[in-house]
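Chains W and P, in that order, give the protein sequences.
FYI, in my numbering the residues of the first sequence are -3 to 91.
FYI, in my numbering the residues of the second sequence are 18 to 325.
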Amino acid sequence: MAKGFNGELLHAGFVRARVSGSGTFRMTLASLDDVTSETLPTISMSSTPGNEPGVLGGFISQKISLKVEVNAIDEWFNVSKLTIFIRPVATGLPQ
Amino acid sequence: MGTIRIGVTPRSWSGIEAYTTPALGTVIGNPSVDILNSIINKFPLNSGWNIASTFLNGYIEFIIDTLGIYLDGSGTPIDENSLPTGFNFQTLNYESSYAVGTNGSITLNVYPNLGASPLSFPTPITLNGVFNSLPRVVWTTDHTGNPGTQDQLFYHQMTGTYQRLSTQWVIENLTDPTRGYNKPGDQMQMRNSDNSDSIFDEITQINLFPNIRILPPYITQTKKKIIFIIPDDVITDDDVIITITGNGTSFSGDALVGSIDIVVPNRSGVYRIISNQRHDSLYIGNGTNTTENVVIPNPFGKTGFLGG
């Protein structure tokens, strides 16, 4: 069987980020076409965080993307690593 | 919006005509006097030396009783007593010379005014500000030759300069005199600080730096004032330099007037990237020339799709 997408439903349960910056770091998990999404808990940033914080999630979709952003004036971020913990929870999505 | 000083550098006459009294001068002596083209009722003096020749015993006296002055670009002479407001005589030079033939001698005197002592001669004689004093020129000759023989040649010419005096100008906002700044669409008025006659009727173009030209007709244009509208296509809110272009009567070319502040509301701007600045600065579109810092619309990053 070829590796790659086979239609599985995935569950994203945890995201860990190496992020520095200023303000509030916001993360959103989203499905294909952003039809469904889940806003993750925010991370309060500093220029020298000293750790790699993680947040819990509970998003299930066939394909999942992660959007990171800030939305207030003068906020900024610098992401050097993102780790997303997923596992398959179903083999397909029959209609 | 402040007081503006305009100065126009001295210019040369573009032409001078002198009028003599009497028409042919006063001739005493040999009635067979022959006066050539130069000494006539009206003679142009700006074009160089003019020549007269005589063969007589006696003298010729003529009085310069008025001058016609052609200002720059003008085809109509103006009497020296009718110069536009603000003009000032600088110099008027009368020069004369002569050549004596084999049959006579000559003396020549130039008097600054009637009854005065003659000025030194033959050096160029400057008659500053004596136009109303009837300067007098007397040529005295002693003819000893045969009738019809030319003995004396006289040369004379007149040159001069004039100056447009400096003037205190005021430029003010008529639309809202209390606002404290100007913006496109405002009516602006230029006038003399003492509301006296000036040269505003001679302005053919108002120039706003760098390339805005406001052409007639203006809302009002008289000797005393000119009213114009700041055009909508002014693109700067810095001090806008104003120059004016004359029609050649008082001045030609451009003359610097000064500068005014112009605020342009709702203008399109130039985006400048500033290191480590994480917001945009927008001009507030109410013409107050102030800015507001706003967020850059949600900078973000997005991963590829997980799951292959």
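Think of the CB as a built atom: it goes at the ideal place given N, C-alpha and C, for glycine as much as any other residue.
All values derive from a computational prediction rather than experimental measurement.
| Check | Outcome |
| --- | --- |
| Close beta carbons around His7(W), own chain, < 8 Å, minus the five adjacent residues each side | Gly54, Phe55, Ile56, Ile82, Arg83, Pro84, Val85 |
| Best match in Asn293(P), Lys241(P), Pro227(P) for proximity to Arg208(P) [C-alpha to C-alpha] | Lys241(P) |
| Proximity winner among Val15(W), Glu34(W), Gly50(W), relative to Ser42(W) (alpha-carbon distances) | Val15(W) |
| Neighbour flag for Met(-3)(W) against chain P, beta carbons, 9 Å | Reliability fails at Met(-3)(W), whose pLDDT of 38 lies under 50, so the model's placement of it is uncertain and no value is given. |
| Simplified DSSP state of Leu36(W), which is helix, strand or coil | coil |
| Closer than 9 Å to chain P by CB, Glu71(W) | yes |
| Distance, Thr320(P) Cα to Val66(W) Cα | 15 Å |
| Proximity below 9 Å, CB of Val64(W) to CB of Gly318(P) | yes |
| DSSP three-state assignment for Pro139(P), whether helix, strand or coil | Confidence is the limiting factor: at Pro139(P) the pLDDT is only 47, short of 50, which leaves the residue's position unreliable, though a coordinate-based value still follows. Three-state DSSP puts Pro139(P) in coil, outside helix and strand. |
| Local conformation of Leu168(W) per DSSP, three classes | This structure does not reach residue 168(W), given that chain W is present from -3 up to 91, and the question cannot be answered. |
| DSSP three-state assignment for Asp218(P), whether helix, strand or coil | helix |
| For Val11(W) and Asp70(W), the rounded distance between their alpha carbons | 25 Å |
| Leu299(P) vs Val281(P) beta-carbon contact at 9 Å | no |
| Pair within 9 Å by beta-carbon distance, Asp203(P) and Ile258(P) | no |
| is_contact[Val51(W), chain P] using C-beta, thresh 9 Å | no |
| Rounded C-alpha distance that separates Leu36(W) from Ile313(P) | 22 Å |
| Own chain partners of Thr221(P) with C-beta closer than 6 Å, once the 5 adjacent residues on each side are dropped | Thr262, Asn264 |
| Neighbourhood of His296(P) by C-beta, 8 Å cutoff - its chain only, sequence neighbours within 5 removed | Asn310, Val311, Val312, Ile313 |
| Under the three-state DSSP convention, the category Ser99(P) falls into | helix |
| Neighbour-count burial assignment, Thr60(W), 16 or more Cβ in a 10 Å radius | The residue you asked about is not Thr; residue 60(W) is Ile in the sequence shown. Looking at its Cβ environment, which holds 16 or more other Cβ atoms inside 10 Å, Ile60(W) is buried. |
| Own chain residues within Cβ distance below 6 Å of Phe15(P), not counting five before or after | No information on residue 15(P) is available, as it lies outside the stretch 18 to 325 that chain P covers here. |
| Enclosing beta strand (DSSP E) for Asn74(W) [first to last residue] | 72 to 86 |
| Enclosing beta strand (DSSP E) for Gln204(P) [first to last residue] | 204 to 209 |
| Exposure label - Ser99(P); buried when at least 16 CB within 10 Å | exposed |
| Beta-bridge partners of Phe55(W), as assigned by DSSP | Ala8(W) |
| Residue of Ser210(P), Leu191(P), Val274(P) minimising C-alpha distance to Thr237(P) | Leu191(P) |
| Listed by chain order, chain W residues near Thr320(P) by CB distance under 9 Å | Ile60, Ser61, Leu62, Lys63, Val64, Leu78, Ile80 |
| Per-residue DSSP class, three states only, for Lys319(P) | strand |
| Cβ separation of Gly324(P) and Phe21(W), assumed to be a contact under 8 Å, to the nearest whole Å | That pair is no contact at about 24 Å. |
| Neighbour flag for Ala8(W) against chain P, beta carbons, 9 Å | yes |
| Beta-ladder partner(s) of Thr20(W), from DSSP | Ser40(W) |
| Residue-level contact to chain W via CB, Phe317(P), 9 Å cutoff | yes |
| Assumed close pair Gln206(P), Ile244(P) - CB separation to whole angstroms, cut-off 8 Å | 5 Å |
| Bridge partner(s) assigned by DSSP for Tyr235(P) | Paired residue(s): none; Tyr235(P) is not in a bridge. |
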